[in-house]
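Remarks on the structure that follows.
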Amino acid sequence: MSVVTRFAPSPTGYLHIGGARTALFNWLFAKHHGGQFLLRIEDTDRARSNDDAVRAIYEGLKWLGLDWDGDAVSQYARADRHREVVEQLLAAGDAYRCYCTPAELQEMRDKARAEGRRIGYDGRWRDRDPSDAPAGVDPAIRLKAPKDGDTVVEDKVQGTVTAPNSELDDMILLRADGSPTYMLAVVVDDHDLGITHVIRGDDHLTNTFRQTQIYNAMGWDKPSFAHIPLIHGPDGAKLSKRHGALGVEAYRDMGLLPEALRNYLLRLGWGHGDEEIIPTERAIELFDLDGVGRSPARFDMVKLNNLNGHYIREADDSDLVDATRPLLENAIERVLTEPEAAGLVAIMPMVKQRAKTLLEIVDLVAFLTVSRPINLDEKAAAQLDDDGRATLRHVRTALDDLGSWSGGDIEAVVRTAAEALDVKLGKVAQPLRAALTGTTVSPPIFDVMAILGRDETLARLDDVLV
RNA sequence: GCCCCCAUCGUCUAGCGGCCUAGGACGCUGCCCUCUCACGGCAGAAACACCGGUUCGAGUCCGGUUGGGGGCGCCA
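Numbering that gives the first Met the number 0 applies: residue 0 is where the first sequence begins, and numbers increase by one.
Encoded structure:
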């Protein structure tokens, strides 16, 4: 049997990080088994759905590199089919009309809570004569769920999970306005789409009992279920906006690489021995449900950044230039000039090993785009005291006689100057760095000088020597 | 409140009864490399929540306690 998985987000916001991981697991599982990965938008609640949110999901998945098979399915568009299934259930006596008012239901909940029982519907219309129906009230349709025995879910991650049917009430299938509920729609769609494996967050584990009852009532085969633990914030509570649970586009804007995010998300709740660095190809080869852990994992930005640094170091220079350029241009609010763009390309091999994010690369190459006289930060200014400037004067003079302007030649001149002054190279390099970049941290200074070019370098030195 | 799930270093995890004086990674500390910052290398501190069983033997199996999480909508 060929594997078919699906990712089924509700379009109520962006593609958040937890959803991204769920999508990744489904995608990897499908790829690993040579199956299909489908996308279904759970938009049965029209009031909460909007096109922007749907677009954000598409773009988030695309950026993450999780391509789905075929067109995305709109759950809302399948409402007729959902109603058809309810008609079958009604005809078979497995569903019934309920005329309770919202106030009545609320009262029921309050009473159950007060008596320490599970909160739920008491089944008062379950066996009531239809002729009792109040006039002018549209009924909701509920499943006539079994009252005795247990409902059992065989979960690929959580194992066998059992709940007594006495704890499960008769869920609503069709609202009074005739629209299908999520619980019904998921089951019908998963069945109709031929989904073989439902991999989702374990906040759906208890829902699975109720969905199982629908499968049973319809006599349908159930898919395999795998409920993966939720991602938690640093404080151990379910990840929320309060923790900075951002959309994936926010991680893109922070300068994270999709490959790094995939690797990080994969390792959050899944492991394969001691392997930490698992590029996507390797992940497809290894991924299976038995490696998924049962306990929730906390989201750790520091570790994500570390992994991102690894993938930045591994990346092609030209790819990094392409990825960095828009962020850099956004930061300086203008397009790069030709020399600046060339400088970015030239400096990339030196900066990529010093950055954990693309944004850090932007910081490291800022010296390329500033205009004279450049601003000096506090530490840089401190380097340019009388001593520092005396040293620079000496170097500046030596540089005057330098014919070529290659990194190697520059280095030779500066080293000679340091020897002549009888100081360590650092004593010369730091004032140079301060004068040329305005900071005390930068790529190797001889590379900076070579890329800045003779004229710009000497001009920046003169700026601080007047 | 009721139901369900979970529990190894600060964090992510390896461990599927003896190979564990509990391994790896991130982070942290020290040293080396070094023009700064990184990278890289070396060394180090750091965990089986607790209590009972089962067993010749338990981090690994069972029960309970505690702690954490999730669910309980005419939301998804």
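Ideal Cβ positions, reconstructed from N, Cα and C, are used throughout, including at glycine.
Straight through space, the alpha carbons of valine 53 and aspartate 201 are spaced by roughly 23 Å. By the C-beta density criterion, lysine 378 is exposed, having fewer than 16 other C-beta atoms within 10 angstroms. Apart from the 5 residues on each side of it in sequence, isoleucine 360 sits with its Cβ closer than 6 Å to the Cβ of Thr323, Val350, Ala354 in its chain, given in chain order. Contact annotation, aspartate 93 with lysine 143: C-beta distance approximately 5 Å; criterion of less than 8 Å satisfied.
Per the DSSP secondary-structure output, glutamine 382 pairs with nothing in a beta bridge. Less than 8 Å separates the beta-carbon of aspartate 42 from that of serine 73.
For tyrosine 95, the enclosing beta strand (DSSP E) has its first and last residue at 94-97.
Here DSSP, grouped into helix, strand and coil, assigns isoleucine 276 to coil. Inclusion of valine 247 and isoleucine 40 in the CB contact set at 8 Å is not warranted, their separation being larger than that value.
In this structure, the straight-line span from the alpha carbon of leucine 204 to that of alanine 134 is close to 38 Å. The C-alpha of alanine 365 lies about 45 Å from the C-alpha of arginine 293. Between the stretch 178-196 and the stretch 78-87, the count of C-beta pairs closer than 8 Å reaches three or more; the two stretches touch. Around arginine 5, the same chain offers Leu37, Arg39, Ile194 as residues with beta carbons nearer than 6 Å, after the five sequence neighbours per side are excluded.
Judged by DSSP in its simplified three-state form, threonine 4 adopts strand. Proximity to aspartate 220 across Ala249, Ala259, Glu153, Gly268 peaks at Glu153, based on C-alpha coordinates. For glutamine 210, the CB contacts under 8 Å within the same chain, skipping 5 residues up- and downstream, are Met182, Val185, Val186 in chain order.
Taking the CA atoms as reference points, asparagine 25 sits about 10 Å from leucine 65.
Distance from the Cα of aspartate 149 is smallest, within the candidate group Gly254, Pro138, Asn164, Pro8, for Asn164. For proline 257, the enclosing alpha helix (DSSP H) stretches over residues 257-266.
If you check the CB distance, leucine 63 and alanine 91 do not come in under 8 Å. When rounded, the separation of the alpha-carbon atoms in threonine 439 and threonine 456 is 16 Å.
In the three-state reduction of the DSSP assignment, phenylalanine 286 falls in the coil class.
For serine 165, the secondary structure class from DSSP, reduced to helix, strand or coil, is helix. The C-alpha of proline 222 is placed about 40 Å away from the C-alpha of alanine 314.
Excluding sequence positions up to five before and after alanine 434, its CB lies within less than 7 Å of the CB of Leu383, Leu391, Arg459, Leu460, Val463, all in the same chain and listed in chain order.
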